[in-house]
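Residue numbers (the working numbering): 16 to 470.
All C-beta atoms in this analysis are idealised placements derived from N, C-alpha and C, irrespective of residue type, glycine included.
Comments concern the structure below.
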Ligand SMILES: [Zn+2]
């Protein structure tokens with residue numbers, strides 16, 4: 016618990032993210048000060064350029080969760096009923112911890128990229144050294160680095176200083192390496208299970224299986240399953256006025272994207288949806304949009320522009336809480352703040368406010384549903400979960416979605432616009448589902464069905 020909390024505080028202290036973690040001080044327990052002091056002292060003895068250690072620590076922690084999720088769902092095909100639910104609940108907790116970490120990490124990488132070359136270049140160089148050549152890394156671990164590389168690459172692109180040119184070259188090469196590894200696991204997956212336009216040819220997923228086996232030597236599934244979990248209340252608990260996708264007409268699908276906006280992926284996904292003329296819902300986490308100061312003044316941050324852009328393009332945006340908390344455990348003022356702050360932030364973005372609310376993890380009880388009423392919000396759930404946050408193999412994500420659709424015949428699909436997976440999967444899924452006779456629909460800001468598929 017303490018070890019997991021460490022990189023977060025460490026990162027925040029080291030890169031000046033104190034303002035960004037102000038919110039977290041309300042709920043999650045901060046690590047004891049003694050520990051933070053020890054960590055900072057430890058950082059001073061590190062050989063890397065100043066400022067590198069906390070970022071490396073965060074990247075390592077991110078990789079560790081990536082590995083844990085892979086072990087957790089490695090045997091997904093054989094997990095049934097309670098076993099799958101347990102894995103999902105543990106996965107939600109891991110994902111929850113990773114989300115805070117990545118939120119801090121992305122902010123820190125962006126601030127790093129904005130520093131003068133003399134400070135920036137050695138630190139970015141040291142991070143890339145680690146990703147490229149650390150002897151403890153496995154080849155397929157590279158799949159965990161794409162998002163951080165993309166977040167670094169975006170602000171550096173076009174930098175013409177000598178150091179910037181070199182870094183851009185390295186980032187492009189490292190991302191090409193991620194692509195190569197991804198293509199390797201994709202090809203294996205498609206050979207074994209079949210892919211678009213070709214049947215399964217059987218065999219083994221050699222690289223993937225070897226990777227999973229190596230991870231399993233150090234990470235036991237049993238130990239993971241014994242850890243803390245965030246269960247989603249049963250889908251059967253659908254409160255009055257809730258929408259979860261099962262009530263849609265047959266062969267009608269709604270795409271939804273949670274947890275953004277994201278500085279790289281939101282606009283990429285928007286571009287795919289626009290190209291395909293598919294409507295969609297985006298459920299935004301308030302702290303990505305901005306904050307409220309002590310006097311109650313709403314202050315939008317730089318990422319709010321992506322939300323404004325979505326709305327301008329006709330997409331419907333909803334509230335996904337302020338910090339992505341497990342709201343089924345909240346009540347009173349903390350619960351109210353989670354709903355209200357994002358409500359107010361969305362009202363500050365022209366056209367972005369709607370009556371749609373999505374509970375993080377779907378975790379809610381009648382108490383939280385009642386809390387929505389004060390804001391005239393309506394809970395929108397999903398019945399088809401891509402698990403795109405837990406699965407780095409695009410074809411595998413697409414297959415999971417297709418299987419769930421074959422079972423449900425209609426519904427609301429859950430994806431995330433905070434990593435590259437949805438952008439990889441949608442171009443495979445959209446044409447295929449249309450060919451199967453499915454229509455993509457949307458909801459308006461009050462939760463009414465809008466069928467406006469324009470293939
Ligand atoms: Zn979420």
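Point to revise | Segments of 4+ residues assigned as alpha helix (DSSP H) that fall wholly inside the region 262–310 | key: 280–291 and 301–304
Check your understanding: Taking buried to mean at least 16 other C-beta atoms within 10 Å of its own C-beta, is residue 155 buried or exposed?
Key -> buried
Check your understanding: Can you list every residue whose CB sits closer than 5 Å to some heavy atom of ligand 1, going in chain order?
Key -> 273, 274 and 375
Exercise for review: Within the same chain, show all residues whose beta-carbon is closer than 6 Å to that of residue 227, passing over the 5 residues directly before and after it, in chain order.
Suggested key: 89
Practice item. Could you pull out every unbroken alpha helix (DSSP H) segment of at least 4 residues lying fully inside the region 77–164, listed in chain order? Key: 96–128 and 132–148
Practice item. Pull up the CB-CB distance for residue 373 and residue 333, whole angstroms please, since I reckon it's below 8 Å. Key: With 8 Å as the limit, residue 373 and residue 333 qualify as a contact, their Cβ atoms being about 6 Å apart.
Point to revise | Check whether residue 360 and residue 301 have beta carbons under 8 Å apart | key: Yes, these two residues count as a Cβ contact at 8 Å.
Point to revise | Residue environment, residue 407, which counts as buried when at least 16 other CB atoms sit within 10 Å | key: buried
Check your understanding: In three-state terms, what does DSSP make of residue 386?
Key -> In this structure, residue 386 counts as helix in the three-state DSSP scheme.
**Study point:** Supposed contact pair residue 127 and residue 74 - C-beta distance, whole angstroms, cut 8 Å
**Key:** The pair is not a contact, with the Cβ atoms about 12 Å apart (cut-off 8 Å).
Review point. Would you say residue 238 touches ligand 3, meaning its beta carbon is less than 7 Å from a heavy atom?
Key: Ligand 3 is not part of this structure, which contains only ligand 1.
**Study point:** Local conformation of residue 364 per DSSP, three classes
**Key:** coil
Exercise for review: Identify which residue in 255, 223, 110 and 153 has its Cα closest to the Cα of residue 393.
Suggested key: 255
Check your understanding: Taking buried to mean at least 16 other C-beta atoms within 10 Å of its own C-beta, is residue 53 buried or exposed?
Key -> Because the pLDDT of residue 53 is 38, which lies under 50, any placement of that residue in the model is unreliable, and the question is left without a value.
Point to revise | residue 233 - DSSP class collapsed to helix/strand/coil | key: helix
**Study point:** Closest by C-alpha distance to residue 3, when choosing among 453, 437 and 213
**Key:** Any answer about residue 3 is impossible in this case: the structure gives the chain only from 16 up to 470.
Point to revise | Exposed unless 16 or more other CB atoms sit within 10 angstroms - verdict on residue 299 | key: buried
Review point. Under the rule that 16 or more other beta-carbon atoms within 10 Å means buried, what is residue 220, buried or exposed?
Key: With 16 or more Cβ atoms within 10 Å of its Cβ, residue 220 is classed as buried.
Exercise for review: Quick one: residues in its chain with C-beta nearer than 7 Å to the C-beta of residue 343, no 5 flanking neighbours on either side, listed in chain order?
Suggested key: 248, 378, 379, 380 and 383
**Study point:** Three-state secondary structure (DSSP) of residue 454
**Key:** strand
Check your understanding: Whole-angstrom Cβ separation of residue 245 and residue 108, contact assumed at under 8 Å?
Key -> Right, the Cβ-Cβ distance comes to about 5 Å (below 8 Å), so this counts as a contact.
Point to revise | Secondary structure of residue 408, DSSP reduced to three states | key: coil
Check your understanding: If we ignore side chains and look at the alpha-carbon of each, how far apart do residue 137 and residue 129 end up?
Key -> 13 Å
Point to revise | Minimum C-alpha distance to residue 216 - residue among 225, 261, 205 and 222 | key: 205
Review point. Does the Cβ-Cβ distance between residue 330 and residue 276 come in under 8 Å?
Key: no
Exercise for review: From the DSSP output, in three-state form, read off residue 372 for me.
Suggested key: strand
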